[in-house]
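K.L.:
This is the structure I have questions about; it appears just below.
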Amino acid sequence: MNLITDKWIPVIREDGTHDAIVPWQIAESENPVTEINAPRPDFQGALYQFLIGLLQTCFAPEDEDEWLEFWEEIPAPEELQAVFEKVAEAFELYNPDGAAFMQDYNLPEGETKQVPALLIAAPGAKTIKDNLDHFIKRGEVDCMCSGCAATALFSLQLNAPSGGRGHRVGLRGGGPLTTLIVSDKTDEYLWNKLWLNVLNKEDLECTPDILNADVLPWMGETRLSDKKGKITTPESVQPLQMYWGMPRRIRLDEPDGSGVCDICDEISVPVFKTYRTKNFGTNYEGAWVHPLTPYRMDIKKEKPPLSLKGQEGGLGYRHWLGLVLQEPEMGDKAATIIRFFNEERSYLISDGQVGALWCFGFDMDNMKARCWYDSWFPIFNLNDSQKENLIDWTGELIRTARDVVKILRGSVKSAWFRRPKDIKGDMSKIDAQFWQATEPDFYLTELVVPRPLVADCLWFGGRDAGKGTNGTCLI
5 MNLITDKWIP
15 VIREDGTHDA
25 IVPWQIAESE
35 NPVTEINAPR
45 PDFQGALYQF
55 LIGLLQTCFA
65 PEDEDEWLEF
75 WEEIPAPEEL
85 QAVFEKVAEA
95 FELYNPDGAA
105 FMQDYNLPEG
115 ETKQVPALLI
125 AAPGAKTIKD
135 NLDHFIKRGE
145 VDCMCSGCAA
155 TALFSLQLNA
165 PSGGRGHRVG
175 LRGGGPLTTL
185 IVSDKTDEYL
195 WNKLWLNVLN
205 KEDLECTPDI
215 LNADVLPWMG
225 ETRLSDKKGK
235 ITTPESVQPL
245 QMYWGMPRRI
255 RLDEPDGSGV
265 CDICDEISVP
275 VFKTYRTKNF
285 GTNYEGAWVH
295 PLTPYRMDIK
305 KEKPPLSLKG
315 QEGGLGYRHW
325 LGLVLQEPEM
335 GDKAATIIRF
345 FNEERSYLIS
355 DGQVGALWCF
365 GFDMDNMKAR
375 CWYDSWFPIF
385 NLNDSQKENL
395 IDWTGELIRT
405 ARDVVKILRG
415 SVKSAWFRRP
425 KDIKGDMSKI
435 DAQFWQATEP
445 DFYLTELVVP
455 RPLVADCLWF
465 GGRDAGKGTN
475 GTCLI
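Numbering (our numbering), first residue to last: 5 to 479.
Okay, here's the thing in structure tokens:
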């Protein structure tokens, strides 16, 4: 299967029809595609990133004027098809004699693994050996169709956690958060949802020479990281490799003739059952800053940026400021694409509408996936003065809430135990219940008295994102 020329991406069209498309069909105007319809939430996030990466690599706008042109009028499908098919040779899924998508260029031998091991949440060999696969059990997935195998492979390379000696983590670290801007309109076409997350060429260095290992690492020999190997920093390769990072050395084995996919239930299709893998693949180090991921910056500038990860207890309003703007106290900074939207595009396309932030990712405990988080947060159109006010004011609210959590936790422990300071158990449920119970009030703006004539107020316009109403002045 070729991921550029064959139909494999599951979608929903405007009339509700379920379909499978080739990538360029996201630009079709007749019964257009409105949403991806992946069989798993992690696949949903991976397919969004695949299409965004493809657009960023092959169809990035020259500047903001060209971006706006294609926002207002979707390009012809034939135009998209022409640019995508120029790189089709790099997107063969199974190609024993050459380059294969997201797979080691030359891996004649390696450890054979069952294809379910491509799924980050699948139980590992030790878990199975110790008979500890209580919740996600062995044998639930034995084979995958080409589309699911491609998505699982891409998702693993994007999110790769530590996998044992020499099995490298992803370019953004293991289990990074991904944040995407999504349109305010519920009936928006998929094209617009993707296009919101594509940067201009003047803001992200792009190269016309795409078919090489500096952009698509599987197009050449792997940058090995064994004793004689090397690390891979942002200076080592092209910036576009951020969308196609490939830390794991993997090669799919030949698919069986036909079968039923255990993930999407597609019938009578070639299915993959095994793959080969080897350690010491690409080792990404240094100041990588992926455009779709928020980072924690070292205030002293002594350490490289650290991607924000999924956390036990989930994502909520205590993370909102760092995900949408920045949280100076923690050093958290919103993803490049989010900051670009806040500073540029929200004014170009707003027309009274605001976007929302879709945040998703695994909560990893080293090699073990504890949970998958998928959250939505409101975004507001603000000028510089309003942003400054919001950061200060909201930051104070969040800091106060964190202090209250500590007091609450201590009070509950004192009520439960005679010697609360000696108790070392997990009290995270107390914290989680507090954050969950107070979440609605954090976004509640109806209680604030409108002051629309105050010039320097913080004005939340647009839909009632989070619980807000149109035209509520907060500061």
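Each residue gets a CB set at the ideal place from its N, CA and C atoms; glycine is no exception.
Just so we're clear, the structure is a prediction, and the values are computed from it rather than from any experiment.
In chain order, what residues of the same chain lie with their CB nearer than 6 Å to the CB of Ser-362, ignoring the 5 residues before and after it?
P.N.:
One point to set straight first is that residue 362 is Trp, not Ser, in the sequence displayed. These residues qualify, in order along the chain: Leu-184, Val-186, Trp-380.
K.L.:
Taking DSSP's pairing of strands, which residues face Lys-117 in a bridge?
P.N.:
DSSP lists Tyr-279 as partners of Lys-117.
K.L.:
Enumerate in chain order the residues of its own chain whose CB-to-CB distance from Ile-427 is below 7 Å, with the five nearest sequence positions on each side excluded.
P.N.:
Only Lys-417, Phe-421 meet the Cβ criterion.
K.L.:
To the nearest whole angstrom, what separates the beta carbons of Glu-89 and Ile-8, a pair I think is in contact under 8 Å?
P.N.:
Yes, they are in contact, since the Cβ atoms of Glu-89 and Ile-8 sit about 6 Å apart, within 8 Å.
K.L.:
Roughly how many angstroms lie between the CA atoms of Ala-509 and Ala-31, to the nearest whole one?
P.N.:
This structure cannot speak to residue 509, because the chain is shown only from 5 to 479.
K.L.:
Which first and last residues belong to the alpha helix (DSSP H) in which Ala-373 is found?
P.N.:
Unbroken run through Ala-373 is the beta strand (DSSP E), 372-382; no alpha helix (DSSP H).
K.L.:
Would you grab the beta carbon distance between Arg-176 and Thr-297 for me? Rounded to a whole angstrom, and I think it's under 8 Å.
P.N.:
Right, the Cβ-Cβ distance comes to about 5 Å (below 8 Å), so this counts as a contact.
K.L.:
Among the candidates Val-293, Phe-364, Asp-257, whose CA atom is the shortest distance from the CA of Pro-100?
P.N.:
Checking every option, the nearest Cα to that of Pro-100 belongs to Asp-257.
K.L.:
Would you list the residues sitting across from Arg-255 in a DSSP beta bridge?
P.N.:
Paired residues: Arg-280.
K.L.:
Please state whether DSSP places Ser-311 in a helix, a strand or coil.
P.N.:
Reduced to three states, the DSSP call for Ser-311 is strand.
K.L.:
Inspect the CB distances between the stretch 190-199 and the stretch 260-270 and report whether three or more fall short of 8 Å.
P.N.:
With a cut-off of 8 Å, the stretch 260-270 and the stretch 190-199 do not count as touching, because too few Cβ pairs lie within range.
K.L.:
Which of helix, strand or coil does DSSP assign to Phe-95?
P.N.:
Residue state, collapsed to three classes: helix.
K.L.:
Within this structure, are the beta carbons of Asn-370 and Pro-180 separated by less than 8 Å?
P.N.:
Contact: no.
K.L.:
Where does the unbroken beta strand (DSSP E) through Cys-363 begin, and where does it stop?
P.N.:
Run containing Cys-363: 360-369, per the beta strand (DSSP E) assignment.
K.L.:
Taking the straight line between their C-alpha atoms, what separation do you get for Glu-2 and Asn-35?
P.N.:
No answer is possible for residue 2: it lies beyond the span of the chain, which begins at 5 and ends at 479.
K.L.:
By Cβ distance, which residues of its chain are closer than 8 Å to Pro-221, with the 5 residues on each side in sequence left out?
P.N.:
Once the five neighbours on either side are set aside, the close Cβ partners of Pro-221 are Arg-227, Val-241, Gln-245, Trp-248, Gly-249, Met-250, Thr-286.
K.L.:
Report all residues from its chain with a CB closer than 6 Å to the CB of Gly-151; omit the five preceding and five following residues, and keep chain order.
P.N.:
Same-chain partners within the cutoff: Trp-12.
K.L.:
In the stretch 154-194, which residue ranges form an unbroken alpha helix (DSSP H) of at least 4 residues, counting only runs that do not cross its ends?
P.N.:
Fully enclosed alpha helix (DSSP H) runs of 4 or longer: not present.
K.L.:
Apart from the five residues just before and just after Trp-28, which ones in its own chain have a Cβ nearer than 6 Å to its Cβ?
P.N.:
Taken in chain order, the residues that qualify are Pro-81, Leu-84, Gln-85, Phe-88.
K.L.:
Per DSSP, which one or two residues make a beta bridge with Tyr-288?
P.N.:
The partner list for Tyr-288 (beta bridge, DSSP) reads Thr-236.
K.L.:
By Cβ distance, which residues of its chain are closer than 8 Å to Leu-58, with the 5 residues on each side in sequence left out?
P.N.:
Same-chain partners within the cutoff: Pro-27, Phe-88.
K.L.:
Under the three-state reduction of DSSP, which class applies to Asp-266: helix, strand or coil?
P.N.:
Correct three-state label for Asp-266: coil.
K.L.:
Give me the Cβ distance between Thr-38 and Tyr-288, rounded to the nearest whole Å; I'm assuming they're in contact under 8 Å.
P.N.:
Contact doesn't hold; Cβ gap of about 35 Å is too wide.
K.L.:
Classify Glu-331 as buried or exposed, calling it buried when 16 or more other Cβ atoms lie within 10 Å of its own Cβ.
P.N.:
By the 10 Å Cβ count, Glu-331 comes out buried.
K.L.:
Following the continuous alpha helix (DSSP H) through His-323, name the residue where it begins and the one where it ends.
P.N.:
Its alpha helix (DSSP H) spans residues 321-328.
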